[in-house]
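Report on one structure; see the data block that follows.
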Amino acid sequence: MLMFKLALRNILRSRRRTLLTLLSLGGGYLLTALQLSVTEGSYDQMLSTYTRDTTGHVQITAEGYVETPRLYDSLSLNDADLSELEAQPNVVAVTPRIESSALAYGETKSFPVDVVGIDPQREAGLSFLADKLRAGTYLTDQPDTDGYFAAMIGAQVARQLSVGVGDELVLVSQGADGSLANDLYRVSAIVGTIDSAESRRVVLPLRAAQQFYAMPGKVHRLIVLGRDYRRAPQLAEQLDGWAGQHWDDTDVGATSWQVVAADFYRTMEADKSGGQVTMVILIFLVCVGVLNTILMSVMERTGEFGVLKAIGTSPGRLFRLIMLEAGLLAILACLLALILVLPINAWFTWVGLEIEPIEFSGVLFTRYAGQMSFYVFAQPALLIVVATLIAALWPAWRAARLVPVEAMRRL
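Residue numbers (our numbering): 126 to 536.
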């Protein structure tokens, strides 16, 4: 307790220097906490949107389909299968998809496209496809009065084929049974932009895609949405066991989005690591200034330290006193800066900063968001305190090594 009082008295004695040190450390904490908040919040928003809109949290497929998608690697599926899967713990939503390619024909032009077959109702409850319509109406799973199924096309497909809503579209491909697949569809909507992931896509109702590719009762992927994208590996492990028992006649497995979109995941992690390095560099620069301040403080009190050692204060106790002063300064600076950073971070979290739309891996992002969490506030504080203590090691060691007679000559 006595050492704490001494440390506090020494801090308050030189108020100007203490204020400058607090401003330096507090500013470092403020900047790093905000940077970490925006980084974590923006990544959380990106990953949540990306997984929901593209990969889902977990995909159930035939073995090897994720690595090498092939038309023939499919799953048998009926309504009972979907109901049973939806009833599994931690499963929020499920939608089936068929994915392949075809050659699309307009009135006078042709263009290679990616074909995706979806369950319109289930897809609308999982992804944001229905929100991306630029013109027209969303899919229905029933043909129109002329017997044509609807097709939604990407903006690039519409431009290349010079087709619009209400026009006819012909698709030609190969069926899963080896037959020639060809059929006529009515364009019901144009989806996304030229740069979006859907730009080269033709989206069909699942029933129409099954007929087109000669895959009755079969799909390529079951997209599963869980409660949290961060828990996807655990959910994949759970569903892998369920799928192995359910499709006991087929090699079927569940894969988390981190594996399905491995390149995207690695890119995000690398970018996140870069942000951590920037934060460490910023804290290092702040603590270089703190080192200078603490060293000056020690040099000014050299005579006092000589007296303390002359009356029996051990080097270890003197060392701990300097370290305690540095630690108290760092903690006080973080607490004061926390009062400022809380409302700013709350604004970033609940309101955010609107930005020009950015297309990243086929997903559109429109704002920077923050994150309110213990980690966001605790990690920068811990780094500031540890870095300050490291910076104080040399001044504290220097004070502890003083020779009393030589030190008292400074009085």
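Don't be surprised by glycine CBs; every beta carbon is placed ideally from N, CA and C. Bear in mind that the values here come from a model prediction, so they are computed numbers and not experimental data.
Can you tell me the Cα-Cα spacing of G272 and A333, whole angstroms?
When rounded, the distance between both Cα atoms is 11 Å.
Have a look at the DSSP bridge pairing and note the partners of F274.
In DSSP, F274 forms a bridge with Y310.
What's the call for G181, buried or exposed, on a 16-neighbour Cβ count within 10 Å?
The Cβ neighbour count for G181, taken over all protein chains shown within 10 Å, is at least 16; the residue is labelled buried.
Please work out which residues of its chain come closer than 8 Å, Cβ to Cβ, to V423, disregarding the five sequence neighbours upstream and downstream, and give them in chain order.
Setting aside the 5 residues that flank it on each side, V423 is surrounded in the same chain by F430, I447, P520, A521, R523 and A524, each with a C-beta closer than 8 Å to its C-beta; the list follows chain order.
If we call anything under 8 Å between Cβ atoms a contact, is A458 one with G151?
Closer than 8 Å, so yes.
Which runs of the alpha helix (DSSP H) at least 4 residues long sit entirely within the stretch 194 to 278? Give them in chain order.
Within the stretch 194 to 278, the complete alpha helix (DSSP H) runs of at least 4 residues are 204 to 211 and 245 to 249.
Sequence ranges, beta strand (DSSP E) only - wholly within the stretch 340 to 388, length at least 3
Within the stretch 340 to 388, the complete beta strand (DSSP E) runs of at least 3 residues fall at 346 to 351 and 377 to 381.
Based on DSSP bridge pairs, tell me the residues matched to L161.
DSSP, once it has assigned bridges, lists no residue as partnering L161.
Going by the beta-carbon positions, is the gap between A451 and A361 smaller than 8 Å?
No, these two residues do not count as a Cβ contact at 8 Å.
Tell me whether W472 is buried or exposed, calling it buried when 16 or more other Cβ atoms sit within 10 Å of its Cβ.
The residue in question, W472, is exposed, as its Cβ has fewer than 16 Cβ neighbours within 10 Å.
Short CB-CB distance (under 8 Å) between M340 and chain B
The structure shown contains no chain B; it is built from a single protein chain.
If you pair each beta-carbon of the stretch 262 to 278 with each one of the stretch 312 to 327, do three or more pairs fall below 8 Å?
The stretch 262 to 278 is in contact with the stretch 312 to 327.
Alpha helix (DSSP H) runs wholly inside the stretch 395 to 463, at least 4 long, in chain order
Assignment of alpha helix (DSSP H) within the stretch 395 to 463, counting only whole runs of 4 or more residues, yields 427 to 435 in chain order.
Looking only at its chain, what residues have a beta carbon closer than 8 Å to the beta carbon of K257, apart from the 5 residues adjacent to it on each side?
So the qualifying residues of the chain are V316, G317, S321 and E323.
Nearest CA to the CA of S139: which residue from G414, I419 and S498?
It is I419 whose Cα lies nearest to the Cα of S139.
Candidates R259, R177, L161 and Y500: which alpha carbon is nearest I319's?
Answer by Cα proximity: R259.
With a threshold of 8 Å on Cβ separation, who are the neighbours of L416 within its own chain once the five nearest residues in sequence on each side are excluded?
Answer for L416: A516, A517, W519 and P520, listed in chain order.
Spatially closest choice to V163 from R311, R526, G495 and L463, by CA coordinates
Looking at R311, R526, G495 and L463, the one whose alpha-carbon comes closest to that of V163 is G495.
Thinking C-alpha only, which one of P468, R355 and R311 is nearest V384?
Shortest Cα-Cα distance from V384 to any of P468, R355 and R311 involves R355.
For a test of the three-state rule: what should DSSP assign to Y537, helix, strand or coil?
Absent from the structure is residue 537, since the part of the chain shown begins at 126 and ends at 536.
Bridge partners for V183 per DSSP, in chain order?
Residue pairing for V183: DSSP places it in a beta bridge opposite V349 and S381.
Between which two residues does the alpha helix (DSSP H) carrying V282 extend?
Per DSSP, V282 belongs to the alpha helix (DSSP H) from A280 to L286.
Which listed residue (G189, P440, T513 and I406) has its alpha carbon closest to that of Q160:
Residue I406 holds the alpha-carbon nearest to the alpha-carbon of Q160 among G189, P440, T513 and I406.
By DSSP, does I480 sit in helix, in strand, or in coil?
Strand.
Please classify R326: does DSSP put it in a helix, a strand, or coil?
Residue state for R326 is assigned as strand, using DSSP reduced to three classes.
Pairs of beta-carbons, one from the stretch 230 to 237 and one from the stretch 245 to 257, closer than 8 Å: are there three or more?
No, they do not touch.
CA-CA distance, G400 and E394?
The alpha-carbon atoms of G400 and E394 are separated by roughly 10 Å.
Close-in-space but distant-in-sequence residues of the same chain around A455 (CB under 7 Å, 5 per side omitted):
Excluding the 5 residues flanking it on each side, A455 has same chain C-beta neighbours closer than 7 Å at L150, I509, V510 and T513, in chain order.
Should Q184 go down as buried or exposed, given a rule of 16 or more other Cβ atoms within 10 Å for buried?
Classification of Q184: buried, given that the 10 Å Cβ count is 16 or more.
Measure the Cβ-Cβ separation of G291 and A283 and say whether it is below 8 Å.
In terms of Cβ geometry, G291 and A283 do not form a close pair [threshold 8 Å].
Counting C-beta neighbours from all protein chains within 10 Å, is the total for M404 16 or more, i.e. buried, or is it exposed?
Counting Cβ neighbours within 10 Å, M404 comes out buried, since at least 16 surround it.
So, with DSSP's three-state summary, where would you put V466?
Helix at V466.
Suppose you measure from the CA of D269 to the CA of E293; what does that come to, to the nearest Å?
Approximately 13 Å, taken between the alpha carbons.
Contact check, Q335 vs K343 under 8 Å by CB: the rounded distance?
Going by Cβ atoms, the distance from Q335 to K343 rounds to 7 Å, so yes, they are a contact pair.
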